[in-house]
Structures are given as C-alpha cells and as structure tokens.
Amino acid sequence: MLPERFSSYIKIVWLTQQYILPAVRSKDDAVTEEMETGPGETGHSAMCLRLMRVFPRVVRGMRRYQDATTPQAQTALGPRHIAALEQLRDGPLSVGTLAARLGLTLSTVSGVLADLDQAGFAERSADPADRRRTIVRITPAARPVVEEWLDGAAAPVARVLDRLGCDERAAFLKAMDMLEEEFRAGDGGPAGPPAAPAPR
C-alpha cells in the first residue's frame, strides 16, 4: 500500500501548490475562512469552494509534518525531492525517464538532482550501455535514511487511507488522478485573474 499512499501525498501537495494556492492567493486561513459555503450554495459550487478552503490547510499541515521528518542536509529539501526519491526507490532511472515520470522539464529535474547529490542522497553516472544517457540512483549509504524519510512523509496520508474502505480509497485516488489530468489538459499552468471590467 505504501506506493499508493505516497502517490496520494505527492498529488495533494503538487496540485495545491500549482493550482489551489494561487487561486486562493493567500498563505493564511483568514482569506480561506471567507470561502465558507453559504446556506444557498449547493452541488459542485459548494464542493469546489470547500476543496479550495481545505486543500491549503492540508498542505500546510503536510509541510509542518515534512519539516519535522526531513533529515538534516546542507540543502533545503521539499516535495519535489521527495517525489524524485520515491521514483528512485525501486531502482536506478535515467534522468529523462525520471523527468517524464515527475512531469518536469529536464532542467528542473537536473536542479532537483543537484540538490540530492549535494545532500548525499543520490548519485549520477553515465549509462554503460549508452554513454549519452545519465543514470541516477539513491546512494547505498543514504538508502536507510531515505527509506525512513519517505515512510515518514507518507504517514499522515497512510493513516487516513487506512480509515477508508477499499471503495472509498479507490474513489479518492481516482478523483486525484482525474484532477491531475484535468489540470494537465489545460495550458500547463494556473489561469490568471479575471480581467477587471472596463470603466464606463
């Protein structure tokens, strides 16, 4: 169950950072409290407003938990580093494959790997079968620390998923997958604020 749980954690963090938080445009609860649904709001409108209010709080809680479980390193590590290490957990990958799995550009992934390299968590080497390709793997010395970090980062989501039935868990994961697909089907980024009405 851990990979499924961890995927949920990453998706919640990624979706909220990329789309929900910019839409709310606030880092505190003061603004999101104003988004409480009123007595006349029903259906999709009420559910969307509730999600936009709850998601930022969930992510802030995850960040606090993550900060408490992040191993000490010379470089600040965050959700993208966790996502990369989770993909590398089962074995080495080429940089291109890792970028494709994370949905990030090669240059962005190179920056993430540079941070992990500096922290001593990952190492890169040329592919013996094709010297043009670079292979990245978790360093043997860091693997116990990385495993503990990944398990700890996923723990809050794992506890919640354990409280759900199989059908509820499947529905939750399906909804997260569909939400990610919906965002990715757009222009690749959050829409800007609506234009102000022209003065009369």
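In the numbering used here, each number is its position in the sequence shown, counted from 1, plus 2.
Note that the Cβ used here is the ideal one computed from N, Cα and C, for glycine as well.
Closest residue to residue i among the options (Cα-Cα distance)
{"i": "Arg139", "options": "Ser96, Gly63 and Ala160", "result": "Ser96"}
{"i": "Leu79", "options": "Leu115, Val56, Ser47 and Pro58", "result": "Leu115"}
{"i": "Val159", "options": "Met49, Met64 and Ala48", "result": "Met64"}
Close-in-space but distant-in-sequence residues of the same chain around residue i (CB under 8 Å, 5 per side omitted)
{"i": "Gly122", "result": "Ala75, Thr141, Ala143 and Ala144"}
{"i": "Arg135", "result": "Ser96, Val97, Gly98, Ala128 and Asp129"}
{"i": "Val111", "result": "Ala86, Val97, Leu100, Ala101 and Leu104"}
Nonlocal neighbours in the same chain, by C-beta distance under 7 Å from residue i, ignoring five residues either side
{"i": "Leu166", "result": "Phe174"}
{"i": "Val148", "result": "Leu87, Phe123 and Ile140"}
{"i": "His83", "result": "Val114, Asp117 and Leu118"}
Beta-bridge partners of residue i, as assigned by DSSP
{"i": "Ile137", "result": "Ser96 and Ser127"}
{"i": "Asp117", "result": "Answer is none; Asp117 lacks a bridge partner."}
{"i": "Asp153", "result": "Note: Asp153 sits in no beta bridge, so no partner."}
{"i": "Asp132", "result": "Asp129"}
Alpha carbon of residue i to alpha carbon of residue j, nearest angstrom
{"i": "Arg171", "j": "Leu118", "result": "32 Å"}
{"i": "Asp92", "j": "Trp151", "result": "15 Å"}
{"i": "Gln120", "j": "Ala155", "result": "21 Å"}
{"i": "Glu183", "j": "Arg133", "result": "34 Å"}
{"i": "Thr107", "j": "Arg186", "result": "14 Å"}
{"i": "Ser109", "j": "Gln89", "result": "17 Å"}
{"i": "Pro146", "j": "Arg66", "result": "22 Å"}
{"i": "Ser47", "j": "Ala157", "result": "31 Å"}
{"i": "Arg55", "j": "Pro94", "result": "39 Å"}
{"i": "Val59", "j": "Cys168", "result": "In the sequence as presented, Val is not what sits at residue 59; that position holds Arg. Taking the straight line joining both Cα atoms gives about 25 Å."}
{"i": "Met49", "j": "Ala131", "result": "51 Å"}
{"i": "Ala32", "j": "Arg161", "result": "With a pLDDT of 45 at Ala32, under the threshold of 50, the predicted position of this residue should be treated as unreliable, though the coordinate-derived value follows. Straight-line Cα distance between these residues: approximately 28 Å."}
Close Cβ partners of residue i (< 6 Å) along its chain, the five nearest in sequence each way excluded
{"i": "Arg126", "result": "Thr136 and Val138"}
{"i": "Ala203", "result": "Residue 203 lies beyond the range of the chain shown here (3 to 202); nothing can be said about it."}
{"i": "Asp179", "result": "none"}
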